[in-house]
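Remarks on the structure that follows.
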Amino acid sequence: MVQSNPGNRLKQPSLSQLRAFAAVAEHLHFRDAAAAIGMSQPALSGAVSALEEALGAQLIERTTRKVLLSPAGERLAVRARVVLDAVGELMEEAEAVRAPFTGVLRLGVIPTVAPYLLPAVLRLVHERYPALDLQVHEEQTSSLIEGLGAGRLDLLLLAVPLGVPGISELPLFDEDFVLVMDRGHPLGGRADIPRDALRKLPLLLLDEGHCLRDQALDICREAGRTEGAPVTTTAAGLSTLVQLVAGGLGVTLLPRTAVTVETARNEALTTGCFADPAPTRRVALAMRTGAARHEEFEELAAALREAMRALPVRVTEGGRT
1 MVQSNPGNRL
11 KQPSLSQLRA
21 FAAVAEHLHF
31 RDAAAAIGMS
41 QPALSGAVSA
51 LEEALGAQLI
61 ERTTRKVLLS
71 PAGERLAVRA
81 RVVLDAVGEL
91 MEEAEAVRAP
101 FTGVLRLGVI
111 PTVAPYLLPA
121 VLRLVHERYP
131 ALDLQVHEEQ
141 TSSLIEGLGA
151 GRLDLLLLAV
161 PLGVPGISEL
171 PLFDEDFVLV
181 MDRGHPLGGR
191 ADIPRDALRK
201 LPLLLLDEGH
211 CLRDQALDIC
221 REAGRTEGAP
231 VTTTAAGLST
241 LVQLVAGGLG
251 VTLLPRTAVT
261 VETARNEALT
271 TGCFADPAPT
281 RRVALAMRTG
291 AARHEEFEEL
301 AAALREAMRA
311 LPVRVTEGGR
321 T
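Shown next as structure tokens:
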């Protein structure tokens, strides 16, 4: 039995010792555990004994018939697995830094961008960066910014400017807003709609929290729309919004990248374009300023600009803001 000496400091266990113990705890058999981690059985037994000595606690009860975990072993087996998993994640992250476009990339995307740009993003990643494990999280802007700052997300795809300290933006493109209305509307089909037409139109907007709502309200204020003009907020997403428009409840503003997806399947809808200069929004990637993977993200931004030239947008020349 391993004796604990309260007067001595515990020794730091090695990863090899923890790996050997975790294998025994999983298999409850020394031969099977040794085979699972590619270690000889004597070396495995020695590593477990060394760990017990380092920790001052008996972890394994050895009998002629079977292997059992002691009460201390049961508790410490869970901790050992947590440590080994954390080390594995650290090594994966180190590999991602050493070899760009490998490992996990957690991308946050706003709902008014995700359905329309993700096909191009996913196709690019699949074809050019097959070793990259892209994980997509669709959330509203405020949640994405919080997630980026907390380290929960690595990169954002959203409308800018954000004006948030500690976040750098990599512009991708600018796109015009289009007026969407029911097919019988007198502005339908026009390519020269003046902005001041927005002053009195029954405008339908997204719910609070969507940056597209704020952008649309800014456009309306620039057009001279007063606070008292009718604005109905009843939709949580663009698909619902255009269905309300098709039902004759009002008009709405859509970014050009969303128009085909949201209007093509409904013959009751029509669109109209604004006279130059049309109201626009800018879409960009956003990262933590000084991010360890900033060169990788800048390369990805450049590749996305090229991939998005086929969309109805004006690709930026690059740079960081």
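Using the UniProt record's numbering, the first residue of the sequence shown is number 1, and each one after it goes up by one. Every residue, glycine too, gets a C-beta built ideally from N, C-alpha and C.
Per-residue burial, residue i [other beta carbons within 10 Å of its own, 16 or more giving buried]
i	result
V125	buried
Q12	exposed
T270	buried
T289	exposed
L286	Residue 286 is actually Ala in this sequence, not Leu. So A286 counts as buried.
Q41	exposed
A22	buried
R128	exposed
A275	exposed
T263	buried
E306	exposed
G73	buried
S168	buried
R218	At residue 218 the sequence reads Asp, which differs from the Arg that was named. It is exposed - the Cβ of D218 has fewer than 16 other Cβ atoms within 10 Å.
V24	buried
Q17	buried
R293	buried
D176	buried
V82	exposed
L166	For clarity, residue 166 is Gly in the given sequence; the question names Leu instead. Exposed: under 16 other Cβ atoms inside 10 Å.
R314	exposed
M1	Confidence is the limiting factor: at M1 the pLDDT is only 49, short of 50, which leaves the residue's position unreliable and the question unanswerable from this model.
R256	buried
V78	exposed
G272	buried
Residue i, enclosing beta strand (DSSP E) - first and last residue
i	result
P171	167 to 182
A198	Inspection of the sequence shows that residue 198 is occupied by Leu rather than by Ala. Taken as a continuous stretch (DSSP letters only), L198 belongs to no beta strand (DSSP E), as it is neither H nor E.
V67	67 to 69
Residue i: first and last residue of the uninterrupted alpha helix (DSSP H) it sits in
i	result
E298	294 to 307
L238	238 to 246
G56	It is not in any alpha helix (DSSP H) - G56 carries neither H nor E in the DSSP assignment.
For residue i, the residue or residues it bridges with in DSSP
i	result
D133	V104
G163	In DSSP, G163 forms no bridge with anything.
G272	L179
M287	S168
I193	F274
L118	In DSSP, L118 forms no bridge with anything.
For residue i, three-class secondary structure by DSSP
i	result
T280	strand
V82	helix
P312	coil
T252	strand
I110	coil
E138	strand
E61	strand
A235	strand
L204	strand
M1	Here M1 scores only 49 on pLDDT, less than 50, and its place in the model should not be relied on; the value that follows carries that caveat. It is coil, neither helix nor strand.
L10	coil
L153	coil
L28	coil
Q158	Here residue 158 turns out to be Leu, not Gln, going by the sequence shown. DSSP places L158 in strand when its eight states are reduced to three.
G38	coil
L187	coil
D93	Position check: residue 93 holds Glu in this sequence, whereas Asp was assumed. Of the three classes helix, strand and coil, the one that applies to E93 here is helix, per DSSP.
R265	coil
A99	coil
E146	helix
E127	helix
E74	helix
**Prompt:** Any chance the segment 191 to 207 sits against the segment 138 to 145, with 3 or more Cβ pairs inside 8 Å?
**Reply:** no
**Prompt:** Counting pairs of Cβ atoms below 8 Å between the segment 42 to 60 and the segment 83 to 91, do you hit three or more?
**Reply:** no
**Request:** Mind the definition here: the segment 234 to 246 touches the segment 145 to 160 only if three or more C-beta pairs lie below 8 Å; say whether that holds.
**Result:** no
**Message:** Would you call the segment 296 to 314 in contact with the segment 99 to 119, where contact means no fewer than 3 C-beta pairs closer than 8 Å?
**Reply:** Contact between the segment 296 to 314 and the segment 99 to 119 is present: three or more C-beta pairs spanning the two stretches fall below 8 Å.
**Message:** Does the structure place the segment 105 to 112 close enough to the segment 128 to 137 that three or more beta carbon pairs sit under 8 Å?
**Reply:** The segment 105 to 112 and the segment 128 to 137 touch, with three or more beta-carbon pairs separated by less than 8 Å.
**contact_flag[the segment 175 to 187, the segment 250 to 258] where n(CB pairs < 8 Å) is 3 or more** = yes
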